[in-house]
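Visitor: Line by line, the protein sequences give chains A and B.
Residue numbers for the first sequence follow numbering that gives the first Met the number 0, beginning at 0 and rising by one.
Residue numbers for the second sequence follow numbering that gives the first Met the number 0, beginning at 0 and rising by one.
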Amino acid sequence: MFEERPNGATEFAALRELLVGPERQQLDELADRVDAVAVTPHLLADQLPEAIALRASRDGQLGRALAPTIETALRESIRRNPREVATAIFPVLGPAIRKAIAETMAGLVRSINSAVEHSFTIQGIRWRIEAWRTGARYADVVIKHSLVYRVEQVFLVHAETGLLLAHVTAPDLDVPDADLISGMLAAIQDFVRDSFRPAEGGTLSTFTVGEHTVHVEAGPGALLAAVVRGQCPEVVPQRLQRTLEQIHLEYGSSLGDFEGDAAPFASATTLLEENLETVLSTDRTAERGARAWLRWALPLAAIVLLAGGLATASWLRWRRAVRLIEAEPGYVVIDASRSWRRWRFRGLKDPAARDPRAVLAALGSAPPAVAGDWKPYLSLDSAMVVARARRALAAPPSATTALAGDTLRVGGSASLDWMRTLRTAPAIGGVAHIDASAVQATLPARIGELRRAIEGTRILFEPGSARVTEAEAAKLRGLAASMRRLADSVAAIGASVRVELVGRTDPTGTDATNQSLANLRVDAVIRQLVASAVPVAALEGRPVATARPLAAADVAERARINRSVSFEPVVSIGTAPRGP
Amino acid sequence: MLQKKICMVGMFGTGKTCLVQRYVHSLFSVKYLTTVGVKIDRREVQSGGQPVMLMLWDLEGRDEVRNINPSYLKGAHGVLYVVDGTRRDTFEKLFEIRDLVKHTIGDVPSVVALNKSDLTDQWTLAAADERRLGSEGLSALQTSAKSGTGVEAAFQRLADATVAPTGAPR
Chain A
0 MFEERPNGAT EFAALRELLV GPERQQLDEL ADRVDAVAVT PHLLADQLPE AIALRASRDG
60 QLGRALAPTI ETALRESIRR NPREVATAIF PVLGPAIRKA IAETMAGLVR SINSAVEHSF
120 TIQGIRWRIE AWRTGARYAD VVIKHSLVYR VEQVFLVHAE TGLLLAHVTA PDLDVPDADL
180 ISGMLAAIQD FVRDSFRPAE GGTLSTFTVG EHTVHVEAGP GALLAAVVRG QCPEVVPQRL
240 QRTLEQIHLE YGSSLGDFEG DAAPFASATT LLEENLETVL STDRTAERGA RAWLRWALPL
300 AAIVLLAGGL ATASWLRWRR AVRLIEAEPG YVVIDASRSW RRWRFRGLKD PAARDPRAVL
360 AALGSAPPAV AGDWKPYLSL DSAMVVARAR RALAAPPSAT TALAGDTLRV GGSASLDWMR
420 TLRTAPAIGG VAHIDASAVQ ATLPARIGEL RRAIEGTRIL FEPGSARVTE AEAAKLRGLA
480 ASMRRLADSV AAIGASVRVE LVGRTDPTGT DATNQSLANL RVDAVIRQLV ASAVPVAALE
540 GRPVATARPL AAADVAERAR INRSVSFEPV VSIGTAPRGP
Chain B
0 MLQKKICMVG MFGTGKTCLV QRYVHSLFSV KYLTTVGVKI DRREVQSGGQ PVMLMLWDLE
60 GRDEVRNINP SYLKGAHGVL YVVDGTRRDT FEKLFEIRDL VKHTIGDVPS VVALNKSDLT
120 DQWTLAAADE RRLGSEGLSA LQTSAKSGTG VEAAFQRLAD ATVAPTGAPR
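1. If residue 227/A and residue 137/A are in contact, beta carbons under 8 Å, what's the gap, nearest whole angstrom?
2. Could one say the Cβ of residue 178/A lies closer than 8 Å to chain B's Cβ atoms, at least one of them?
3. Work out the CA separation of residue 130/B and residue 54/B for me, nearest whole Å.
4. Work out the CA separation of residue 135/A and residue 302/A for me, nearest whole Å.
5. In angstroms with no decimal places, state the Cα-to-Cα distance between residue 574/A and residue 422/A.
6. Strictly below 8 Å CB to CB, what residues from chain B border residue 83/A?
7. Please list, in chain order, the chain A residues whose beta carbon lies closer than 9 Å to that of residue 68/B.
8. Do the CB positions of residue 564/A and residue 524/A come within less than 8 Å of each other?
9. Let me confirm a value: residue 116/B is counted as buried when at least 16 other C-beta atoms fall within 10 Å, else exposed. Which label applies?
10. Taking the alpha-carbon of residue 1/B as reference, which of 184/A, 373/A, 259/A has the nearest alpha-carbon?
11. Looking only at C-alpha atoms, which of 531/A, 366/A, 225/A sits nearest to residue 237/A?
12. Starting from the C-beta of residue 327/A, find all residues in its chain whose C-beta is less than 6 Å away, skip the five residues before and the five after it, and write them out in chain order.
13. What's the call for residue 135/B, buried or exposed, on a 16-neighbour Cβ count within 10 Å?
14. List the residues that DSSP assigns as beta-bridge partners of residue 458/A.
15. Under a CB-based cut-off of 8 Å, is residue 20/B close to chain D?
16. Taking DSSP as the reference, what is the three-state secondary structure of residue 17/B?
17. When burial is assigned at 16 or more other CB atoms within 10 Å of the CB, is residue 292/A buried or exposed?
18. Taking C-alpha atoms, which residue in 483/A, 465/A, 498/A, 522/A lies nearest to residue 562/A?
19. At a CB distance below 8 Å, what residues from the region 55–82 of chain A approach chain B? Give them in sequence order.
20. Can the beta-carbon of residue 495/A be found closer than 8 Å to that of residue 412/A?
21. Chain B beta carbons: is any one of them nearer than 8 Å to that of residue 304/A?
22. Would you tell me roughly how many angstroms separate the C-alpha atoms of residue 5/B and residue 147/B, rounded to the nearest one?
23. May I ask you to list the residues that DSSP assigns as paired with residue 441/A?
24. For residue 0/B, name the three-state secondary structure that DSSP assigns.
25. Can you look up residue 502/A in the DSSP assignment and give me helix, strand or coil?
26. When DSSP builds the beta bridges, which residues end up paired with residue 102/B?
27. Which residue spans inside the region 11–66 of chain A form an unbroken alpha helix (DSSP H) run of at least 4?
28. Write down every uninterrupted run of the beta strand (DSSP E) in the region 281–340 of chain A whose length is 3 residues or greater and which is fully enclosed by it, in chain order.
29. So within the region 31–105 of chain B, which uninterrupted beta strand (DSSP E) runs reach at least 3 residues, ignoring any that extend past its ends?
30. Check whether the Cβ of residue 145/B lies closer than 8 Å to any Cβ atom in chain A.
31. Between residue 12/B and chain A, is the shortest Cβ-Cβ distance under 8 Å, so that the two count as touching?
32. Please list the residues of the region 203–225 of chain A that have a C-beta atom closer than 8 Å to any C-beta atom in chain B, keeping them in chain order.
33. Closer than 9 Å by beta-carbon distance: list the chain A residues that pair up with residue 41/B, in chain order.
34. Per the contact definition of three or more C-beta pairs closer than 8 Å, is the region 203–210 of chain A in contact with the region 126–134 of chain A?
35. Reducing DSSP to helix, strand and coil, say where residue 518/A ends up.
36. Let me check understanding here. Comparing Cα to Cα, which of 296/A, 402/A, 241/A lies closest to residue 96/A?
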């Protein structure tokens, strides 16, 4: 077996050569070719993206493997040229930082709000009063007073050269030196940076000139400056920041290659114009545009308020109408109801009561249709009794009527004819007696004239004397004739007349002397009149002496006219009290 | 319109501001120079067949070159060096200033204004000095802010150089 082994191996090799010889040769050739194929950069470049994508889709191995290398590369890149990296990530970094800041600021604003809410300044109190008066929220009043601003100009300035790239202004503004201002803005940025040496990237972001505030947002390639008049809210710089980022995104290469030609930036004015804005205090609702619900809620509230107001006014008017009818004499309201177009009343109504429409005229405006279901009744309300009596007696407007218990007192003036009808008046519900003693009879014109003539006559005396002088005696004779004619005329209409003689003295002397002097004067005149055929029964002496003196401006004249007897005719018509 | 930033540099009292005043109508007060350290004016010129707006940054002159603020040089398209022809030291310092400019913003077109040429009796510069400028690659010409001589030419030469820098004086 030992000797056979080499021979066996040789034979096996021969056998293998015999069996798989050609295939083995092919295999060797393939091995040679595989060894010859090197991984060339060209081949790798073709395959690499696909290979990376393929591997990355399988697991995270590739990411883990590359992470340290990328970190190192990034660190090296930043170390060598931080500006380049900063420029590249500037548009991405802005929004991320802003979001974080916005969240922090929101909390801060809330705490400031609560501080403002509890502040106790004079202005705070004034705004608080305004909020209380107008019913607005306090915070809304504060916003109303603080949110008034206008973005008047926006400059886009090339950061490195300070040259003006684009400039927009509010419609009514003219700024001829925008390019110089642009240069100075850049220069001032440099000046501030050199003077105060702020931390990396620090810039002058805001400065105030009178009522103008200039906001400057600085980017790596350009500055964006806005001139704002009035109170500038936080939204303005935020919007500027966004615009600047957008400009860096869209014009990044133009900014880098800038050689003084601003033409490529002409289209940026649209972006700048988005920052121009005028917000007036009256725009404050528009300012809160996000709260769109206000747009429909406010009109709706107004409509609801209006409808509520109208309904309330209508209800109040109805209540007043019911009260008016209830208070009206001659009405008893049993039921009252209303619909949209009609008011309905049911109850009792005295035939003498006023028409319901006349009662409701007190409402001012025309009431809707009024339907009444009234049953007649006799009201004992004094106003109704009086109204009923006036109607039954056909009382003239000059006669007054009033009810005292069950007695109707008639006053004022009335014709003698009407006064006579009172004696035969019909029965009146609620009236037991008619008292017409206070009525002044309206006399025929002739009687009136005679009466006035008699009233106008005055018999004068010498001081301390009761002797009727000759001149006065002549006056008395004329007076006696007038009295007789008056007596005749009055008798003709069935009435009687009596004349009161008022005897007066001047204030000289004692009361007793004057009283007796007045008596003497009255008696003297009566004697003369009786002598002139005036019946003594028609005369009535009334010596008042100094009690009711006649008035005159002059003392002497007053004394003279009071040494007299004057005449007051009284016409009386006998009316008998009567029952119903 | 094409805009070009031109910086006026030179030692204290060389007449930079007077040159600008002579050349443009100023908007800003001279006070800016001492407060901010720079004053900006503008003048429109024709160069290369097109209008060009020169934004002239008048940098405050200092006694020492190291005190000149390099920030304002940033982005300049051209530099106008101003030398007081009656004060030799301002000429000597010119090269130091030129080095500072070169270091800050690189090689940009420039012109040297040898100012106060009206004061001939006090003139301290010789033909050799002007030749030295030429050998240093600096284009120079005499100017007088007082009489106006050479002022337009100096700015025009610089404007042309900034608009078409190739082959222009450096």
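Glycine is no exception: its CB is placed at the ideal position from the N, C-alpha and C atoms.
Guide: Answer, in terms of the structure:
1. Between the beta-carbon of residue 227/A and that of residue 137/A there is about 26 Å, and that puts the pair past the 8 Å contact cut.
2. At a cut-off of 8 Å, the C-beta of residue 178/A has a neighbouring C-beta in chain B.
3. 30 Å
4. As the crow flies, the alpha-carbon of residue 302/A is around 18 Å from that of residue 135/A.
5. Note on residue 574/A: pLDDT 43, under 50, position unreliable in the model; no value is reported.
6. Neighbours of residue 83/A on chain B: none; closest Cβ ~17 Å, over 8 Å.
7. Simply 189, 190, 193.
8. yes
9. Buried is the call here.
10. 259/A
11. 225/A
12. 358
13. By the Cβ neighbour-count rule, residue 135/B is exposed, with fewer than 16 other Cβ atoms within 10 Å of its own.
14. 564/A
15. Looking for chain D here will not work: the only protein chains present are A and B.
16. helix
17. It is exposed - the Cβ of residue 292/A has fewer than 16 other Cβ atoms within 10 Å.
18. Selected option, being the one with the closest Cα: 465/A.
19. none
20. Result no, Cβ atoms of residue 495/A and residue 412/A do not sit closer than 8 Å.
21. no
22. 19 Å
23. 414/A
24. coil
25. strand
26. Bridge partners of residue 102/B: none, in fact.
27. 40–57
28. 330–337
29. As far as the region 31–105 of chain B is concerned, its whole beta strand (DSSP E) runs of at least 3 residues are 37–46, 49–58, 77–83.
30. no
31. no
32. none
33. 176, 178, 179, 182
34. By the Cβ rule, the region 126–134 of chain A does not count as touching the region 203–210 of chain A, because fewer than three pairs are nearer than 8 Å.
35. helix
36. 241/A
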